[in-house]
Amino acid sequence: MQNEERQITFNDIPELLSEILKRFDLLDQSMELIREEVRRTKRPSLSDHIPMDVKEACEFLKIKKSTMYTYIQNGEIPVNQKGKKYTFFRDDLIKWLESGCKIEAPISTMEINQILSKRPRRRI
Numbered sequence: 001m002q003n004e005e006r007q008i009t010f011n012d013i014p015e016l017l018s019e020i021l022k023r024f025d026l027l028d029q030s031m032e033l034i035r036e037e038v039r040r041t042k043r044p045s046l047s048d049h050i051p052m053d054v055k056e057a058c059e060f061l062k063i064k065k066s067t068m069y070t071y072i073q074n075g076e077i078p079v080n081q082k083g084k085k086y087t088f089f090r091d092d093l094i095k096w097l098e099s100g101c102k103i104e105a106p107i108s109t110m111e112i113n114q115i116l117s118k119r120p121r122r123r124i
């Protein structure tokens, strides 16, 4: 189609509709290529699975050590512990940042019992 305006008649509709459908197909193909590229680039590679100590993780996250230890103590950050040494992985920290910096801590049976004991009991 040309950029200049022209008078469209009823007989032109099938041809115009065909052109519109072709353009939509091209857009769909382009969108699928973009989606594939995004999926490919978002996959964590092995190069992102880099171990870091507390100091390196603090530098990477740009936080203080005291804040890091608070996150560790509260179970708010993904960390591996061998003895007294904490190890972080870059890809885990990136996922943690993207998820809004929250980790669901597993609830213990003691906490479940406390929650259930606070609920009012139904009378039968």
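The opening residue of the sequence shown carries number 1 in full-length UniProt numbering; numbering runs sequentially from there. C-beta: ideal position from N, C-alpha, C; glycine also.
* **Beta-carbon proximity of Ile63 to Phe89, cut-off 8 Å** => no
* **Straight-line gap, Arg35 to Asp25 (C-alpha atoms, nearest Å)** => 15 Å
* Whole beta strand (DSSP E) elements within the region 29–100, 3-residue minimum -> Within the region 29–100, the runs of beta strand (DSSP E) at least 3 residues long that lie entirely inside it are, in chain order, 80–82 and 85–89.
* What did DSSP end up calling Gln114 once you bin it into helix, strand or coil? -> Here Gln114 carries a helix assignment [DSSP, helix/strand/coil].
* Which residues in the same chain as Lys22 place their Cβ atom closer than 7 Å to its Cβ, once the five residues preceding and following it in sequence are excluded? -> none
* To do: Could you check which residue in Leu116, Leu33 and Asp91 has the C-alpha nearest to that of Ala57?
  => Asp91
* **Buried versus exposed, by CB contacts within 10 Å (16 or more), Met68** => buried
* Asked: Does the beta-carbon distance from Ile94 to Asp48 come in below 8 Å?
  -> yes
* To do: Flag this pair as yes or no: are the beta carbons of Leu17 and Ile8 separated by less than 8 Å?
  => no
* To do: Closer than 6 Å by C-beta to Tyr86: which residues in its own chain qualify, once you throw out the five before and the five after it? Chain order, please.
  => Val54 and Val79
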